[in-house]
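Visitor:
Number of protein chains: 2
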Amino acid sequence: MRGTAADVLARADALGAISEEDGRLTRRLATPALARAGDLVSGWMEDAGLVVRRDAIGNVIGRTGDADVPPLVLGSHLDTVPDAGRYDGALGVLLAIAVVDRLAAPPPIPLEVVAFADEEGVRFGVPYLGSAAYSGRFEPEWLDLVDADGITLRVAIERAGADPALLLEVLEPGLACYVEAHIEQGPVLEREGLPVGVVSAIAGQTRAALTIIGRPGHAGISPMSGRHDALAAASELVLAVERFARESEGLVATVGSLTVSPGASNVIPGEAHLSLDVRHADDGALGQAVAGLRHTATRIATARSVELDWSILRATPAVELAPELRLRLASAVLAEGHEARSLASGAGHDAVILSGVCPAAMLFVRCAGGVSHDPRESVAEADVAVALDVLERFVVGEGRTGPAPTGSSRL
Amino acid sequence: MRGTAADVLARADALGAISEEDGRLTRRLATPALARAGDLVSGWMEDAGLVVRRDAIGNVIGRTGDADVPPLVLGSHLDTVPDAGRYDGALGVLLAIAVVDRLAAPPPIPLEVVAFADEEGVRFGVPYLGSAAYSGRFEPEWLDLVDADGITLRVAIERAGADPALLLEVLEPGLACYVEAHIEQGPVLEREGLPVGVVSAIAGQTRAALTIIGRPGHAGISPMSGRHDALAAASELVLAVERFARESEGLVATVGSLTVSPGASNVIPGEAHLSLDVRHADDGALGQAVAGLRHTATRIATARSVELDWSILRATPAVELAPELRLRLASAVLAEGHEARSLASGAGHDAVILSGVCPAAMLFVRCAGGVSHDPRESVAEADVAVALDVLERFVVGEGRTGPAPTGSSRL
Chain A
1 MRGTAADVLA RADALGAISE EDGRLTRRLA TPALARAGDL VSGWMEDAGL VVRRDAIGNV
61 IGRTGDADVP PLVLGSHLDT VPDAGRYDGA LGVLLAIAVV DRLAAPPPIP LEVVAFADEE
121 GVRFGVPYLG SAAYSGRFEP EWLDLVDADG ITLRVAIERA GADPALLLEV LEPGLACYVE
181 AHIEQGPVLE REGLPVGVVS AIAGQTRAAL TIIGRPGHAG ISPMSGRHDA LAAASELVLA
241 VERFARESEG LVATVGSLTV SPGASNVIPG EAHLSLDVRH ADDGALGQAV AGLRHTATRI
301 ATARSVELDW SILRATPAVE LAPELRLRLA SAVLAEGHEA RSLASGAGHD AVILSGVCPA
361 AMLFVRCAGG VSHDPRESVA EADVAVALDV LERFVVGEGR TGPAPTGSSR L
Chain B
1 MRGTAADVLA RADALGAISE EDGRLTRRLA TPALARAGDL VSGWMEDAGL VVRRDAIGNV
61 IGRTGDADVP PLVLGSHLDT VPDAGRYDGA LGVLLAIAVV DRLAAPPPIP LEVVAFADEE
121 GVRFGVPYLG SAAYSGRFEP EWLDLVDADG ITLRVAIERA GADPALLLEV LEPGLACYVE
181 AHIEQGPVLE REGLPVGVVS AIAGQTRAAL TIIGRPGHAG ISPMSGRHDA LAAASELVLA
241 VERFARESEG LVATVGSLTV SPGASNVIPG EAHLSLDVRH ADDGALGQAV AGLRHTATRI
301 ATARSVELDW SILRATPAVE LAPELRLRLA SAVLAEGHEA RSLASGAGHD AVILSGVCPA
361 AMLFVRCAGG VSHDPRESVA EADVAVALDV LERFVVGEGR TGPAPTGSSR L
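Order-wise, the sequence lines are chains A and B. With the numbering used here, letter number 221 in the first sequence gets 221, and the count goes up by one each step, no holes. With the numbering used here, letter number 193 in the second sequence gets 193, and the count goes up by one each step, no holes.
(1) M45 (chain B) lies in the beta strand (DSSP E); which residues open and close that run?
(2) Quick check on DSSP: helix, strand or coil for F364 (chain B)?
(3) Which of the three DSSP states, helix, strand or coil, is assigned to R326 (chain B)?
(4) When the Cα of R24 (chain A) is compared with those of A:V260, A:R86, A:A332, which residue comes out closest?
(5) With DSSP as the reference, identify every bridge partner of W142 (chain B), one or two as the case may be.
(6) With H, G and I counted as helix, E and B as strand and the rest as coil, what does DSSP make of F124 (chain B)?
(7) Can you list the alpha helix (DSSP H) stretches of 4 or more residues lying completely in the segment 344-396 of chain A, in chain order?
(8) Closer than 9 Å between beta carbons: that is the criterion. Which residues of the segment 252-269 of chain A meet it against chain B?
(9) Just checking: is the beta-carbon of I221 (chain A) within a distance shorter than 9 Å of some beta-carbon in chain B?
(10) Note down, in chain order, every chain A residue with its Cβ under 8 Å from the Cβ of D21 (chain B).
(11) Would you identify the three-state DSSP class for I18 (chain A), choosing helix, strand or coil?
(12) To which residues of the same chain is F138 (chain A) closer than 7 Å at the C-beta, ignoring the five residues directly before and after it?
(13) Against chain B, with Cβ distances strictly below 9 Å, would E180 (chain A) count as a contact?
(14) Quick check on this structure: which residue in B:R2, B:V52, B:V93 has the alpha carbon closest to the alpha carbon of M362 (chain B)?
(15) If we ignore side chains and look at the alpha-carbon of each, how far apart do E392 (chain B) and V99 (chain B) end up?
(16) Within 10 Å of its beta-carbon, does G270 (chain A) have 16 or more other beta-carbons around it, so buried, or fewer, so exposed?
(17) Excluding five sequence neighbours on each side, which residues of the same chain lie with their C-beta closer than 7 Å to the C-beta of E120 (chain B)?
(18) To be precise: take each residue of the segment 58-88 of chain A, compare its Cβ to all Cβ atoms of chain B, and keep it if any distance is under 9 Å. Which residues remain?
(19) Could you name each continuous beta strand (DSSP E) segment of 3 residues or more that falls completely within the segment 221-262 of chain A, going from the start of the chain to the end?
(20) Return the Cβ separation of D229 (chain B) and G214 (chain B) in integer angstroms, given the expectation that the two are a contact with Cβ distance under 8 Å.
(21) Between which two residues does the beta strand (DSSP E) carrying H295 (chain A) extend?
(22) Measure the CB-CB distance between D389 (chain B) and E339 (chain B) and report whether it falls below 9 Å.
(23) Under 8 Å, CB to CB, which of the residues in the segment 194-212 of chain A have a partner in chain B?
(24) Can you give me, in chain order, the residues of the segment 140-159 of chain A that have a beta carbon less than 7 Å from any beta carbon in chain B?
(25) Taking only beta-carbon atoms, is L189 (chain B) less than 9 Å away from chain A?
(26) Does the count of Cβ pairs from the segment 348-363 of chain B and the segment 319-326 of chain B closer than 8 Å reach three?
(27) Starting from H373 (chain A), find everything on chain B with Cβ-Cβ shorter than 7 Å and list it in chain order.
(28) Does any residue of chain B bring its CB to less than 9 Å from the CB of E192 (chain A)?
(29) May I ask which residues mark the beginning and end of the alpha helix (DSSP H) holding S265 (chain B)?
(30) If distances are taken between C-alpha atoms only, which option among A:A90, A:L29, A:A303, A:L343 comes closest to L321 (chain A)?
(31) Going by the CB atoms, is the gap between S76 (chain B) and G58 (chain B) shorter than 9 Å?
(32) Checking contacts by CB at 9 Å: is S408 (chain B) closer than that to chain A?
(33) Based on Cα-Cα distance, which residue from B:A385, B:L91, B:T316, B:G150 lies nearest to S355 (chain B)?
(34) Touch check for the segment 278-294 of chain A and the segment 237-247 of chain B: three-plus C-beta pairs under 8 Å?
(35) Helix, strand or coil for A98 (chain B), going by three-state DSSP, please let me know.
(36) Under DSSP, the beta strand (DSSP E) around E307 (chain B) begins and ends at which residues?
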């Protein structure tokens, strides 16, 4: 039955079966799999009575209500990491559609439900391309980003049948506010026995692409002493990143991707390409950490006489979510009979971008073991039901003009 | 003009232009590029008067003389590493053909010229597949080897239009002897001002494939302390291999290939796959080193609570080349007016396999800076001319029945 937690979970299963790969869930920007997922979501939006459009980057947008009034936006993303779970992103999109399904009357204020085409940034290394395009914050140089197959974002969009030039013409939309539901991806709610929580802030994040250029050579001939092995230098850097983050309170730093060239077992690696992802809830600490890691990388490269190229792909400052909106969301949680736990997010979310153009808030849903970015991602039907009730109450409440309800909360 | 050093170099340029990739030379087993290179070589063999056949793995074999008499085999390989130079392998094939081009009369003994389809082992991780197939030493389980795209050797051979079952029917051929010319890939001849040298022995080599299985997770959420990062474990191993080899006299050890899964910038690596290449001229020292590295790898995996799979792809013992044949080759060098320098090879060669079925010898040709497995590989025309003179004299001399010439040499 539409609008139930069971239906949300069944739809998550259906979406989770749409992948670029057999046997595991991977859905990156501008792929046929993402387009098929968008088609499915588009149909569900239409069933809920929304008028659906799709923009040039592939965001699926369903709208209802007076077109001249700034809408309340509900949404999340449809893209995934490689070998992903079914709920990261998809759950927020499906909850938003289910809330519209539930509304007995036309919604009290205009609603827009958005399924963003790129939040993870897997294909082009830059996250939030979907919400940036929706928010009129798409930067022209991103069209020249290149994926692992050498395809530019411009060409990927053209191959998906859209016009990349349109991305540069989007103006900042007039939005009332943005609310995103998402699995917690952490252990707090599970530990405290709570179905949902209200997000206070999203950690800042810096992504960099590092290239190390050494000198290739024959593995059987070149004496160890004269080598300039790019992989050995990269390995030293990977361990330095790990050590640095372990020693810095509140910092996480990850080298998630490393490729070696030429990559033959009997050739000394000549080049290594690494990704670096650094996060901290405090912008000052994040900036210091990135500077420290860059210093360390330079020292390693100098000691090994290899070249280092360090380029920042994206630096997102920490974002505090809108206090007034958080309070109203917490009130809805309380009214549904649950403690309104406030918690920070270590992961980035589309709300980071939306908070630049309107007040934004997030509702976290408990997930088993805090596991995410993994096929074992799991949420309980009862928790999904609570999230639905909270979101419905919030949306209906937003239509009223009275003061926001108050209540004891830990916001 | 055929049979000259200039022609050999021009042919090396032509072969070097045949690649799987634009802009760099890569020619792996059972690829269309290797087939096209084989076609070119086949034509040159026919021009030299050889009767040409191609076996199931793609070796190109040109024959002349009485089919019932064991032939003198000259050859080397046509496959390359990624981003290779033009001479590693190709030079030996082209010198062999040029020697046949030069022979005024029918050769004094039956000759077979072979261009092996796989020596580097890049595509399937196991080297010498070409010479093993030619020598009747092809092992049935190799048909199940899988390349980076998940294609088995069996399927790759079928797609190349051949019947893999034929590889298992090849008997050990009756061969008089095998002589291979090859660039030195090292600095000795250049340092001593010599155009050519006679190879005494080929270092033993062990190739292993290592898999590390950790636990993937979200880069922004997972605290540093609870991670089981497969890439961090792999990095520790890469540095341990480097340190171990630096501290062991005569040992070289290389991790040339490393891939990470899932390989997204915001996901902690769950799996890492590494190649390991270890070489030493002394088999005892090599065995000890491999055992020591395995112990180190196990220790690292245990400390990080990650799984380690260690599988030996190939262990080739050190090979002493045939003393009598080396002496005759050295005599030819002396007769051409050059010092007959004897030197060991750190790199593996097809002669390792051929020495299992007949006496084998190798002639090294000086190469600039000792550089190989690199587009900057270079040989001097004058040195190629010396190699041609030596090989021609050797082949003609082999036709005589008298005793091998003697002379002062450092063999």
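In this text, a Cβ means the ideal position worked out from N, Cα and C, and glycines have one as well.
Guide: The relevant details are as follows:
(1) No beta strand (DSSP E) contains M45 (chain B), which is instead part of the alpha helix (DSSP H) from 32-47.
(2) Strand at F364 (chain B).
(3) If DSSP states are grouped into helix, strand and coil, R326 (chain B) belongs with the helices.
(4) A:R86
(5) Answer by DSSP bridge pairing: none, since W142 (chain B) is not bridged.
(6) coil
(7) 351-354
(8) V252, A253, T254, V255, G256, S257, L258, T259, V260, S261, P262, G263, A264, S265, N266, V267, I268, P269
(9) yes
(10) The sequence given here places Glu at residue 21 (chain B); Asp does not occur at that position. None at all; the shortest Cβ gap to chain A is about 11 Å.
(11) coil
(12) Result list for F138 (chain A): A132, L167, L168, V170, in chain order.
(13) For E180 (chain A), the answer is no, since every Cβ of chain B falls outside 9 Å of its Cβ.
(14) The residue with the shortest Cα to Cα distance from M362 (chain B) is B:V93.
(15) 6 Å
(16) buried
(17) D79, T80, V81, P127
(18) V81, P82, D83, A84, D88
(19) 252-254, 258-261
(20) Sure, about 6 Å apart at Cβ, within 8 Å.
(21) First-last for H295 (chain A): 283-303, but that is the alpha helix (DSSP H), not the beta strand (DSSP E).
(22) Taking 9 Å as the Cβ cut-off, D389 (chain B) and E339 (chain B) do not qualify as a contacting pair.
(23) Answer in chain order: A203, Q205, R207.
(24) none
(25) no
(26) yes
(27) Neighbours of H373 (chain A) on chain B, chain order: P216, G217, H218, V267.
(28) no
(29) From DSSP, S265 (chain B) is part of no alpha helix (DSSP H); its letter is neither H nor E.
(30) Among A:A90, A:L29, A:A303, A:L343, the Cα nearest to that of L321 (chain A) belongs to A:L343.
(31) no
(32) Unreliable positioning characterises S408 (chain B) in this predicted model, as indicated by a pLDDT of 39, which lies under 50. The coordinate reading is nonetheless provided below. It does not: the Cβ of S408 (chain B) has no partner Cβ on chain A nearer than 9 Å.
(33) B:T316
(34) no
(35) helix
(36) 307-316
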